[in-house]
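Notes to accompany the following structure.
Numbering (the working numbering), first residue to last: 7 to 539.
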C-alpha cells in the first residue's frame with residue numbers, strides 16, 4: 007500500500023508593510039539636519055522622501071506641512087507658503103486624524119506662515135499668525151515667542167507715548183520670559199547635554215580672543231566645529247576669524263559652508279557679502295544680496311546694498327531700480343535722503359541727466375534739511391546749468407543749517423567771483439580759510455583774484471605757495487604760481503611750475519595739457535627772441 011503523504015498547505019506570512027515608509031525616512035532626514043553633530047545638509051533628502059510619501063497620500067495635511075517646514079529651511083519661501091496654505095485647507099478634510107493631530111498641524115502651519123510674514127517685515131500679519139499658533143498649541147516654540155517679543159518691542163519703540171504702551175511693554179516682557187521658559191523644551195535646538203559640553207568650550211575660545219590670542223582661539227573653534235559641524239554660528243565664527251587675519255579665501259570657504267549647511271541662515275549671507283565687497287567681487291556680491299532678498303524681499307537695506315553692488319559693476323540703470331525700491335520701502339527720512347542723494351549722483355555723473363539729478367537732490371533736501379552735502383551738490387548742478395542765481399540761493403540756504411562749513415563759503419566765494427563781486431568773493435574765501443586754515447582750494451582761488459583782478463602779484467605768490475605747502479600735489483596751484491612768476495619775468499621758476507603742473511595733471515586732469523605745453527614753449531621762445539635782439 008502506497009504511503010499517502012499528506013501535503014499540508016504552508017501559509018507564508020508576509021510582514022505588514024509600513025503605512026508610508028517615505029514619511030519615516032523624511033522625518034529621519036529632517037531630524038538629522040537638526041542634529042548639530044551632522045555635517046551634511048539633509049534637507050533635500052527629507053524633501054524627496056516627503057514628496058515620495060505624498061504621492062501615496064496626496065491629501066495628507068501632515069505631510070504637506072512637513073514639506074512647508076523643509077521649504078522654509080531651504081529658503082524657498084514661495085513653495086513654503088504654498089505648502090502651508092494647502093496644509094491649512096486640508097485640515098478639515100482629515101477625518102482619519104485625531105483632533106489633537108489636526109490641532110498640531112494647524113499650529114505648525116501658522117508658525118510657518120508667521121515666520122514668512124516676519125521675514126517679509128509684515129509684522130502685523132506675523133503677529134496674527136503667531137497668536138493663532140499659540141491658540142492652537144500653547145507650547146509653541148520659543149523662537150516664535152521671541153519673534154513676538156521683538157514685534158511688541160518695535161511697536162513700543164515706534165510709539166512710546168501711546169496710551170497702550172504699558173500693555174505693549176507687558177506683552178513684550180511676557181513673550182520674552184515665556185520664550186526663555188520654553189527654550190529647554192523646544193525640539194529645534196541643542197540638547198541639554200550638548201549645551202553643557204558646548205558652553206565651557208565657547209567660553210574658553212572667547213577668552214582666547216579677548217586675550218588677543220587669535221590663533222589659539224581659532225584652534226579651539228575648529229575643534230568645536232569638528233564636534234558640532236552642523237552648528238552654523240561656530241562655522242561663521244571660524245570664517246570671521248580667518249577674515250580678520252587677512253585670509254579671505256579661507257573665510258569665503260567657511261561662510262559658503264555655513265550657507266550650504268543652513269540655506270536660511272541670514273547672518274552667513276551678510277558676512278559673505280561683506281567679504282565679497284572687500285575682495286571687489288561685485289557680481290558674486292550681487293548674487294548673495296539677491297539670495298538674501300529671496301529670504302527677506304521687503305528689506306530696504308538689502309535693496310540699497312544690491313543697488314551699491316550694481317553701481318560698483320557699472321550697471322547704473324539697475325542700481326537706480328533697486329535704489330528706487332529702497333526709497334519706497336525705507337522708513338527713516340535721513341536714510342532715505344542718503345538714497346536719494348546716491349540716485350542724484352548717478353543721474354549727474356553717469357547717466358548725464360542733470361534735471362533728474364536736481365529732482366533727487368531736492369528730494370534729499372526735503373527729507374533731511376540738515377545735510378548740507380545735498381545743498382552743495384544741488385548748488386553745483388545749478389551752477390553747471392548756468393543757473394547762478396539758484397545756485398547761490400541754495401548755498402545761502404545751506405548756511406542756515408551748517409554755518410561753519412568751509413566748503414559752503416568757498417563755493418559762495420566762487421559764485422560771487424563769477425558775478426564780478428570781488429569784494430564779496432574775497433570775504434567768503436577769507437571766511438572759509440578762517441574756519442579751516444588747511445583748506446587749500448579757497449587759498450588758491452584767493453590767490454587767483456589777487457593775481458588777475460587786483461594785480462597784487464607778490465600777494466598772489468604767497469597764497470599759491472601757502473596752498474602748495476598744504477597740498478604739494480595741487481596741479482592747479484602749481485599752474486597759477488607759474489603764471490605769477492611769468493608776470494614777474496621769472497621764466498625758469500615759471501617753467502618749473504608749469505612742468506610740475508603738467509606732471510600732476512596726468513592724474514588730476516584739471517588743466518588743458520596742450521595749453522600747459524604752449525605756455526612752456528612761449529616762455530623759452532620769448533627768451534630766445536630777446537637773446538637774438
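Just so it is clear, CB atoms sit at the ideal spot from N, CA and C, and this is done for glycine as well.
{"Item": "Report the three-state DSSP secondary structure of residue 493 (helix, strand or coil).", "Value": "helix"}
{"Item": "Out of 234, 209 and 233, state which residue places its alpha-carbon closest to the alpha-carbon of residue 222.", "Value": "209"}
{"Item": "Buried or exposed for residue 225, going by 16 or more other Cβ atoms inside 10 Å?", "Value": "exposed"}
{"Item": "For residue 459, does the count of other Cβ atoms within 10 angstroms reach 16, so buried, or fall short, so exposed?", "Value": "exposed"}
{"Item": "Who are the Cβ neighbours of residue 342 in its own chain at under 7 Å, not counting the five residues just before and after it?", "Value": "333, 336 and 373"}
{"Item": "In angstroms with no decimal places, state the Cα-to-Cα distance between residue 296 and residue 243.", "Value": "23 Å"}
{"Item": "Mapping the DSSP letters down to three states, classify residue 103 as helix, strand or coil.", "Value": "coil"}
{"Item": "According to the neighbour-count rule (16 or more other Cβ atoms, all chains shown, within 10 Å of its Cβ), is residue 132 buried or exposed?", "Value": "buried"}
{"Item": "Are residue 357 and residue 322 touching if we call contact CB-CB under 7 Å?", "Value": "yes"}
{"Item": "Taking residue 450 and residue 421 to be in contact with their CB atoms under 8 Å, please state how far apart those CB atoms are, rounded to whole angstroms.", "Value": "With 8 Å as the limit, residue 450 and residue 421 do not qualify as a contact, their Cβ atoms being about 16 Å apart."}
{"Item": "Would you call the segment 441-450 in contact with the segment 413-429, where contact means no fewer than 3 C-beta pairs closer than 8 Å?", "Value": "yes"}
{"Item": "Which residues in the same chain as residue 10 place their Cβ atom closer than 8 Å to its Cβ, once the five residues preceding and following it in sequence are excluded?", "Value": "Confidence in residue 10 is poor, its pLDDT being 45 and thus under 50, which makes the residue's placement unreliable; the coordinate value appears in the next sentence. Answer for residue 10: no residue qualifies."}
{"Item": "Please classify residue 461: does DSSP put it in a helix, a strand, or coil?", "Value": "coil"}
{"Item": "So, at 6 Å on beta carbons, what are the nonlocal neighbours of residue 115 in its own chain, with the 5 sequence-adjacent residues on each side left out?", "Value": "71, 90, 93 and 94"}
{"Item": "What did DSSP end up calling residue 234 once you bin it into helix, strand or coil?", "Value": "coil"}
{"Item": "Hey, would you say residue 378 sits closer than 7 Å to residue 408, going by beta carbons?", "Value": "yes"}
{"Item": "Relative to the C-alpha of residue 219, which candidate in 455, 241, 247 and 237 has its C-alpha closest?", "Value": "247"}
{"Item": "Residue 68 to residue 59, Cα distance in whole Å?", "Value": "11 Å"}
{"Item": "Under a Cβ-count criterion, where at least 16 other Cβ atoms within 10 Å of its own Cβ denotes burial, should residue 7 be classed as buried or exposed?", "Value": "Its pLDDT being 42, under 50, residue 7 is placed unreliably in this model, and the value from its coordinates should be taken loosely. Classification for residue 7: exposed."}
{"Item": "Beta-carbon separation of residue 274 and residue 264 under 7 Å?", "Value": "yes"}
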